[in-house]
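Peer 1: Residue numbers (the working numbering): 87 to 554.
For each residue, glycine too, the CB sits at the ideal point set by N, CA and C.
Just dropping this structure here.
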Amino acid sequence: MSVNPYSIPEIAGDLQTLDTKEGQAKVAVYTLGCKLNYADGLSIRKTFEDRGYAPVNFEEGADVYIINTCSVTDKADRKCARVVRQALKHSPQAKVVVVGCYAQLQPEQIAQIPGVHLVAGTEAKWKLPELLEETGSTSPMVQVVHAPIDESVEFKPAQSWGDRTRAFLKVQDGCDFPCTYCTIPMARGKARSDAMDSVVERAQRLASEGAEEIVLTGVNLGDFGRGSGDDRRLGYSLAALVRRMQRDVQVDRLRLSSVEPNLFGDDLIAALQESPRFVPHFHIPLQSGSDSVLRRMRRRYTTEDYRRLLLRLAHTFEGVCLGADVMVGFGGETELEFRECYEFLESLPLAYLHVFTYSERPGTVAAEWTPVVPVHERLERNHALTQWAMDRQINYVTGFSGKVIPVLFEQDTYQAEQGELKMRGYTPNFIRVECAYDPLWVGASVPVHLGGLMCRESEVMLKGTVLG
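Next comes the structure, spelled out in structure tokens:
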């Protein structure tokens, strides 16, 4: 790991001076990207809290802003600069620190953004309070702390608990199976996992603090049990973790975040059948419904493999919610290949679909491929699949109208247009439900009679009446 200065004027202001002037220094975190990134962001914030900083909302004006970046798409890259500007509008004297995947991949580019004080790579982001003390405010340089991703071999625990109802527990990081479009292995390194006992202890702590639902998350969750070093198998698996969590963690709900189809095997399905705390909601990335595109992506399954898995899950778990990701416009995707994807999706028992438009990422195998799909065609395909996804989600959700299902209500409330307070929550199979606000049921799981459909922009949900 090395510290490299770049000749960009920094924002004036010293942390120690701010401490003296305003008492307790304040820190705010803005996270872009996935739930795993969100868990990392809150764990980074905790390192500042342990040093005496007070956590505040982004808009309140902080002494230190941590921008935790994503680099899955070029939109996430571009948003980083906008967030830096927003932070400095709220607090012009703040120290702005940029971390995360984008910081690991393009540190020099981030260092050119006016107002950035420190850029920290994958390993350095866990030492930010110390790094800020070392850099101080006397140097007119942006500091870049960056190391080769091969040095990221130790698992760093993280968890987030945003609404005090549902907690996200990071149990795995990194990926050993680089797809041709993906920057994640370059940004997060090789696969590594937390120890089984550590996961259970952290989950038990979250449960004791009041979490009603714990979501297990990772870069490649299905690869849980792979560690660092020469002997990289730790002797356990995600299926073993599912059984252990069912036995030892007393929480209302457990959920898996996302599992690759080639890692969703017989033992995991059996473990989930044996573990009623785990809810019937499985997100299984697809990326394309064309076998020729899957081969170019270097995905490790065929469309037939994927179809068999989803049909088996639909047959095994009653009312199961199955979700997927699909990318449009990848690496010369032809109109025929897109049509194959569309027709394949029609054959699947999916409840929802996340649609992404492909963007070439520097350093990936596919970045220089030709021919490329014109941007306007990528957007047209995205629009077509997004409309398909909305119709499919509505069809799935309305199938539960009239039923009574437990809903876990979140801590936050929502004010409807008429001024009436509402509360929202999720069924075990991930249907969003809105009911009249009642403080007795916030943060609790109660039976709800599911009613009519509601759609607000891209949100699909059902009205509900609490029966508790």
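Alpha carbon to alpha carbon, what distance is there between ALA325 and ASP353?
Peer 2: Mapped onto the sequence shown, residue 353 falls at position 267. Mapped onto the sequence shown, residue 325 falls at position 239. Distance between the alpha carbons of ASP353 and ALA325: 6 angstroms.
Peer 1: Near GLY488, which residues of its chain fall below 7 angstroms by C-beta distance, leaving aside the five closest residues on each side in sequence?
Peer 2: The count along the sequence shown starts at 1 and reaches residue 488 at position 402. If we look at GLY488 and ignore the five residues flanking it on each side, its Cβ neighbours are LEU536.
Peer 1: When the Cα atoms are used, what is the spatial distance from GLY550 to VAL534?
Peer 2: Translated into positions along the sequence shown, residue 550 becomes position 464. Translated into positions along the sequence shown, residue 534 becomes position 448. Roughly 6 angstroms separates the two Cα atoms.
Peer 1: Under three-state DSSP, which class holds SER284?
Peer 2: Working through the sequence shown from its first residue, we reach residue 284 at position 198. Looking at SER284 - three-state DSSP - the assignment turns out to be helix.
Peer 1: Determine the burial state of GLN198: buried for a count of at least 16 other Cβ atoms within 10 Å of its Cβ, exposed for fewer.
Peer 2: As a position in the sequence shown, residue 198 is number 112, starting the count at 1. Label assigned to GLN198: exposed.
Peer 1: Please classify GLY529: does DSSP put it in a helix, a strand, or coil?
Peer 2: Counted from its first residue, the sequence shown places residue 529 at position 443. DSSP places GLY529 outside both helix and strand once states are collapsed to three, so it counts as coil.
Peer 1: My understanding is that GLN245 touches ALA125, with C-beta atoms under 8 angstroms, so please give their C-beta distance in whole angstroms.
Peer 2: Here residue 245 is taken as the residue at index 159 of the sequence shown, counted from 1. Here residue 125 is taken as the residue at index 39 of the sequence shown, counted from 1. With a Cβ gap of about 5 angstroms, GLN245 and ALA125 count as contacting.
Peer 1: Tell me where the alpha helix (DSSP H) around TRP523 begins and ends.
Peer 2: Along the sequence shown, one-based indexing puts residue 523 at 437. The amino acid occupying residue 523 in the given sequence is Tyr; Trp does not appear at that position. Unbroken run through TYR523: none, as it is neither H nor E.
Peer 1: Tell me, please, which residues DSSP counts as bridged to HIS369.
Peer 2: As a position in the sequence shown, residue 369 is number 283, starting the count at 1. Note: HIS369 sits in a beta bridge opposite GLY409.
Peer 1: Apart from the five residues just before and just after MET383, which ones in its own chain have a Cβ nearer than 7 angstroms to its Cβ?
Peer 2: Against the sequence shown, residue 383 aligns to sequence position 297. Closer than 7 angstroms at Cβ, skipping near neighbours: CYS265, THR266, TYR267, GLN373, SER374, PHE416.
Peer 1: Under a three-way DSSP split, which group does ASP477 fall into?
Peer 2: Residue mapping note: residue 477 aligns to position 391 of the sequence shown, counting from 1. Looking at ASP477 - three-state DSSP - the assignment turns out to be helix.
Peer 1: Restricting to runs no shorter than 4 residues, where is the alpha helix (DSSP H) found entirely within the stretch 446-500?
Peer 2: 461-484
Peer 1: Here's the rule: buried if 16 or more other CB atoms are within 10 angstroms of the residue's CB, otherwise exposed. What is THR402?
Peer 2: The sequence position of residue 402 within the sequence shown is 316, counting from 1. By the neighbour-count rule (16 or more Cβ atoms within 10 Å), THR402 is not buried but exposed.
Peer 1: Tell me the DSSP secondary structure of TYR188 in three-state form.
Peer 2: One-based indexing of the sequence shown puts residue 188 at position 102. It is helical.
Peer 1: Once the 5 residues before and after VAL305 are set aside, which same chain residues still bring their CB inside 7 angstroms of it?
Peer 2: For this step, residue 305 is matched to residue 219 along the sequence shown. The answer, listed in chain order, is LEU122, GLN258, ASP259, GLY260, CYS261, ILE270, ARG274.
Peer 1: Our contact map puts VAL483 next to LEU548 with C-beta atoms below 8 angstroms; I'd like the distance itself, whole angstroms only.
Peer 2: For this step, residue 483 is matched to residue 397 along the sequence shown. For this step, residue 548 is matched to residue 462 along the sequence shown. Their Cβ separation, rounded to whole angstroms, is 6 angstroms, which keeps VAL483 and LEU548 in contact under 8 angstroms.
Peer 1: For a test of the three-state rule: what should DSSP assign to GLY207, helix, strand or coil?
Peer 2: Here residue 207 corresponds to residue number 121 of the sequence shown, with the count starting at 1. Correct three-state label for GLY207: coil.
Peer 1: At a cut of 8 angstroms, does the stretch 501-512 reach the stretch 420-432 through at least three beta carbon pairs?
Peer 2: no
Peer 1: Please report the straight-line C-alpha distance between MET413 and PHE442, rounded to a whole angstrom.
Peer 2: By one-based count along the sequence shown, residue 413 stands at place 327. By one-based count along the sequence shown, residue 442 stands at place 356. Near 5 angstroms, if we compare the C-alpha coordinates of PHE442 and MET413.
Peer 1: Let me confirm a value: ASN35 is counted as buried when at least 16 other C-beta atoms fall within 10 Å, else exposed. Which label applies?
Peer 2: In the structure as shown, the chain starts at 87 and stops at 554, and residue 35 therefore has no counterpart that could be examined.
Peer 1: In three-state terms, what does DSSP make of THR117?
Peer 2: One-based indexing of the sequence shown puts residue 117 at position 31. Strand, per DSSP.
Peer 1: Is there contact here, the stretch 447-455 with the stretch 389-403, by at least three beta-carbon pairs under 8 angstroms?
Peer 2: no
Peer 1: Return the chain-ordered list of same chain residues with a C-beta closer than 7 angstroms to the C-beta of LEU349, the five sequence neighbours on each side being excluded.
Peer 2: Taking the first residue of the sequence shown as position 1, residue 349 is located at position 263. Closer than 7 angstroms at the Cβ level, and outside the excluded window around LEU349, lie GLY308, ASP309.
Peer 1: Of the residues GLY405, CYS120, PRO200, LYS213, which one's Cα is nearest the Cα of LYS132?
Peer 2: To locate residue 132, count along the sequence shown from 1; it is residue 46. Nearest C-alpha to LYS132: LYS213.
Peer 1: Can you give the Cα-Cα distance for HIS469 and TYR139, rounded to whole angstroms?
Peer 2: By one-based count along the sequence shown, residue 469 stands at place 383. By one-based count along the sequence shown, residue 139 stands at place 53. If you take the alpha carbons of HIS469 and TYR139, they lie about 44 angstroms apart.
Peer 1: Rounded to whole angstroms, what's the CA-CA distance from ASP316 to ILE235? Just pull it up for me.
Peer 2: Your numbering for residue 316 matches position 230 in the sequence shown. Your numbering for residue 235 matches position 149 in the sequence shown. Unreliable placement is indicated for ASP316, whose pLDDT of 49 sits below 50; the coordinate value is still reported in the next sentence. Taking the straight line joining both Cα atoms gives about 17 angstroms.
Peer 1: Would PRO435 and LEU408 qualify as a contact pair, given that the criterion is a beta-carbon distance under 7 angstroms?
Peer 2: Position 349 of the sequence shown, counted from the first residue, corresponds to residue 435. Position 322 of the sequence shown, counted from the first residue, corresponds to residue 408. Yes, Cβ-Cβ distance for PRO435 and LEU408 is below 7 angstroms.
Peer 1: Identify whether ASN348 lies in helix, strand or coil by the three-state DSSP scheme.
Peer 2: Looking up residue 348 in the sequence shown gives position 262. It is helical.
Peer 1: Could you tell me the distance, in whole angstroms, from the CA atom of ALA289 to the CA atom of THR251?
Peer 2: Within the sequence shown, residue 289 is the residue found at index 203, counting from 1. Within the sequence shown, residue 251 is the residue found at index 165, counting from 1. If I take the Cα positions, the gap works out to 13 angstroms.
Peer 1: Taking ARG363 and VAL337 to be in contact with their CB atoms under 8 angstroms, please state how far apart those CB atoms are, rounded to whole angstroms.
Peer 2: To locate residue 363, count along the sequence shown from 1; it is residue 277. To locate residue 337, count along the sequence shown from 1; it is residue 251. That belief holds up - the Cβ atoms of ARG363 and VAL337 are roughly 7 angstroms apart, short of 8 angstroms.
Peer 1: DSSP three-state call for ALA140: helix, strand or coil?
Peer 2: On the sequence shown, position 54 is the one that residue 140 refers to. Three-state DSSP puts ALA140 in a strand.
Peer 1: My output table needs one value for LEU539: the three-state DSSP class, helix, strand or coil.
Peer 2: Locating residue 539 in the sequence shown gives position 453, where the first residue counts as 1. Of the three classes helix, strand and coil, the one that applies to LEU539 here is strand, per DSSP.
Peer 1: Hey, out of GLY109, TYR438, ARG478, PRO243, whose CA is closest to GLU287's CA?
Peer 2: If you number the sequence shown from 1, residue 287 lands on position 201. Ranking GLY109, TYR438, ARG478, PRO243 by CA distance to the CA of GLU287 puts PRO243 first.
Peer 1: Quick one: what's GLU545 bridged to in DSSP?
Peer 2: For the purposes of this step, residue 545 is taken as the residue at position 459 of the sequence shown. According to DSSP, GLU545 bridges with ARG542.
Peer 1: With 16 as the cutoff for other CB atoms within 10 Å, does PRO347 come out buried or exposed?
Peer 2: Here the question's residue 347 lines up with position 261 in the sequence shown. Under this definition PRO347 is a buried residue.
Peer 1: With DSSP as the reference, please indicate the residues paired to VAL150 in a beta bridge.
Peer 2: One-based indexing of the sequence shown puts residue 150 at position 64. Per DSSP, VAL113, LYS181.
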